[in-house]
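Q: In the numbering used here, the protein residues as written are 1 to 187. One structure, as structure tokens, below. Some questions next.
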């Protein structure tokens, strides 16, 4: 008889002190008893869980991990190459940039090998990195101070970003996306 099999991914690292409110991705590959037991255990500990297929998980992790880590490494590299000390940058940071710097500072405790493996092993990672680079190149090329259309091109792209920002603002105000698991009886 084959045992039950459950695919899981805790969406937090080993440095988290409190797991309450953290998220865990789960997908029952074989059987349902282990799945029900595990998501009940998570719920009892205050951990949110999301039932998601492995393929969809990898697609979303290409954004949540691959894009995020790539962006952070890129931000760190640009700050390193610009020739201005982190102290000077920190002293003149806006609240939103300070938040980005605080996220970047978390890399100090992370494993570079793990981050490299995430970049290379996610089957959708290359596509997302290319999307980032394509959009960076497009925006950079469209910002020509001698071309009056540059302003409108940037404004148009800013408005696209605002659509996502408004949707996120609404989701944050609801405190918890609808897809989060609350019951272990999902098939």
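For glycine and all other residues, C-beta sits at the position ideal for the given N, C-alpha and C. Small disclaimer: the values here were computed from a predicted structure and weren't measured.
1. Quick one, are the C-beta atoms of residue 72 and residue 103 less than 8 Å apart?
2. Determine the burial state of residue 136: buried for a count of at least 16 other Cβ atoms within 10 Å of its Cβ, exposed for fewer.
3. Would you check if the segment 39-57 and the segment 11-22 touch, i.e. whether three or more CB-CB distances between them fall below 8 Å?
4. How is the alpha helix (DSSP H) around residue 115 delimited, first residue to last?
5. Using DSSP bridges, identify the partner residues of residue 48.
6. Can you confirm whether the segment 24-41 touches the segment 82-90 when touching is taken to mean that 3 or more C-beta pairs between the two stretches lie within less than 8 Å?
7. Between the beta-carbon of residue 122 and the beta-carbon of residue 62, is there less than 8 Å?
8. If you count every other CB in all the chains shown that lies within 10 Å of the CB of residue 134, and 16 or more means buried, which is it?
9. Per DSSP, what are the beta-bridge partners of residue 9 in this structure?
10. Could you tell me which residues DSSP puts in a beta bridge with residue 129?
11. Do you know offhand how far residue 54's Cα is from residue 7's?
12. Given a cut-off of 8 Å, decide if residue 132 and residue 157 are closer than it, judged by their beta-carbon atoms.
13. With DSSP as the reference, identify every bridge partner of residue 30, one or two as the case may be.
14. Given a cut-off of 8 Å, decide if residue 25 and residue 66 are closer than it, judged by their beta-carbon atoms.
15. According to the neighbour-count rule (16 or more other Cβ atoms, all chains shown, within 10 Å of its Cβ), is residue 125 buried or exposed?
A: Concretely, from the data shown:
1. yes
2. exposed
3. yes
4. 112-121
5. 23
6. no
7. yes
8. exposed
9. 25
10. For residue 129, which the question treats as bridged, DSSP gives no partner whatsoever.
11. 8 Å
12. no
13. 5
14. no
15. buried
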